[in-house]
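**Q**
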Amino acid sequence: MIRLFVAFDLPAELRVRLTGLRGQVPGARWIPAESMHLTLRYIGEVNEDVAEDVHDALGRVADDPFEIQVSGVGHFESRGQVRALWAGVTRNEALARFQARIETVCQRAGLAPESRRFHPHVTLARCRDTSPARVAPFVAEHAGFQAPPFQVGSFVLYSSNLGRSGSSYIPEVTYPLGSYVSADQD
Ligand code: 3AM
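Residue numbering for the sequence shown follows this note's numbering, beginning at 241 and increasing consecutively.
1) Beta carbon of Y282: closer than 7 Å to some heavy atom of the ligand 3AM?
2) From V310 to V362, what does the alpha carbon distance come to, in whole angstroms?
3) Tell me the DSSP bridge mates of Q347?
4) Leaving out five residues before and five after T259 in sequence, what residues of the same chain have Cβ atoms less than 7 Å from its Cβ?
5) Is H277 near the ligand 3AM, judged by its Cβ being under 7 Å from some heavy atom?
6) Candidates E381, V256, R348: which alpha carbon is nearest P388's?
7) How about F395: is its Cβ closer than 7 Å to a heavy atom in the ligand 3AM?
8) Indicate the three-state DSSP secondary structure (helix, strand or coil) for F248 in the structure shown.
9) Cβ of F390 within 8 Å of Cβ of E307?
10) At a cut-off of 7 Å, would you count H315 as near the ligand 3AM, judging by its Cβ distance to the nearest heavy atom?
11) Alpha carbon to alpha carbon, how far is E285 from G403?
12) Using the beta-carbon count (16 or more within 10 Å), is T414 buried or exposed?
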């Protein structure tokens with residue numbers, strides 16, 4: 241079995257810039273710059289056959305490159321506790337369409353539909369025992385954050401390995417955008 245997800249890699253300058261948002265937030269574990277990414281689809285643990293089908297399907301996604309701008313910050317919470325701090329993405333139709341296409345091909349490859357709404361973000365920190373009130377100053381301080389837009393020219397199938405000091409992500413396959421011509425596009 242292998243745990244997989246699909247994401248955009250981020251330019252090194254952007255990742256460095258995002259590390260500049262780190263601050264004093266109790267209970268926050270900041271993500272190393274090299275692990276930062278923008279998840280498009282969490283696939284989860286699958287066997288080799290399913291992984292191969294997903295890979296084939298992703299290889300047929302032939303959209304054109306487009307721009308993304310990281311802006312703003314926020315948090316995810318569940319059961320009243322903050323789970324993650326993130327940087328957001330400026331509203332982006334091309335990204336929404338692209339993510340919907342990834343979702344479609346994943347389902348065609350046999351994966352169960354993702355029930356959660358797509359909320360594009362770059363996770364900055366994971367949190368433990370942190371109330372929303374404790375992250376409010378961080379969120380207020382960086383509400384106006386805006387990074388320069390960048391062009392995404394490829395997307396990546398990552399594997400994820402859970403370790404004691406956090407997850408490590410390995411890029412398994414990189415799929416270029418705008419360079420594949422397929423007869424069975426829809
Ligand atoms: O992009 P981020 O870091 O927010 O939270 C996990 C991470 O997202 C998410 O997949 C990305 C790579 O690990 N993830 C992990 N388990 C998940 C699950 N069961 C999940 N997303 C949805 N459902």
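Ideal Cβ placement from N, Cα and C applies to all residues, glycine included. No experiment lies behind these values; they were computed from the predicted model shown.
**A** Let me lay it out:
1) Position 42 of the sequence shown, counted from the first residue, corresponds to residue 282. Yes, the ligand 3AM has a heavy atom inside 7 Å of this Cβ.
2) Locating residue 310 in the sequence shown gives position 70, counting from the first residue. Locating residue 362 in the sequence shown gives position 122, counting from the first residue. Rounded to whole angstroms, V310 to V362 spans 8 Å at the Cα level.
3) The sequence position of residue 347 within the sequence shown is 107, counting from 1. In the DSSP output, where bridge partners are listed per residue, Q347 has none listed.
4) Counting from 1 along the sequence shown, the entry for residue 259 is found at position 19. Cβ neighbours of T259 beyond the five flanking positions: A273.
5) Working through the sequence shown from its first residue, we reach residue 277 at position 37. It does: the Cβ of H277 is within 7 Å (strictly closer) of some heavy atom of the ligand 3AM.
6) In the sequence shown, the residue the question calls residue 388 occupies position 148. For the residues E381, V256, R348, the minimum Cα distance to P388 belongs to V256.
7) By one-based count along the sequence shown, residue 395 stands at place 155. Because no heavy atom of the ligand 3AM lies under 7 Å away, the Cβ of F395 does not count as near it: no.
8) Position 8 of the sequence shown, counting from 1, holds the residue named residue 248. F248: strand per DSSP, three-state reduction.
9) To locate residue 390, count along the sequence shown from 1; it is residue 150. To locate residue 307, count along the sequence shown from 1; it is residue 67. Cβ atoms of F390 and E307: closer than 8 Å.
10) Within the sequence shown, residue 315 is the residue found at index 75, counting from 1. No, since every heavy atom of the ligand 3AM falls outside the 7 Å radius drawn around the Cβ of H315.
11) Numbered from 1 along the sequence shown, position 45 holds the residue referred to as residue 285. Numbered from 1 along the sequence shown, position 163 holds the residue referred to as residue 403. For E285 and G403, the distance between alpha carbons rounds to 15 Å.
12) The residue given as residue 414 occupies position 174 in the sequence shown. Exposed, by the Cβ-count rule.
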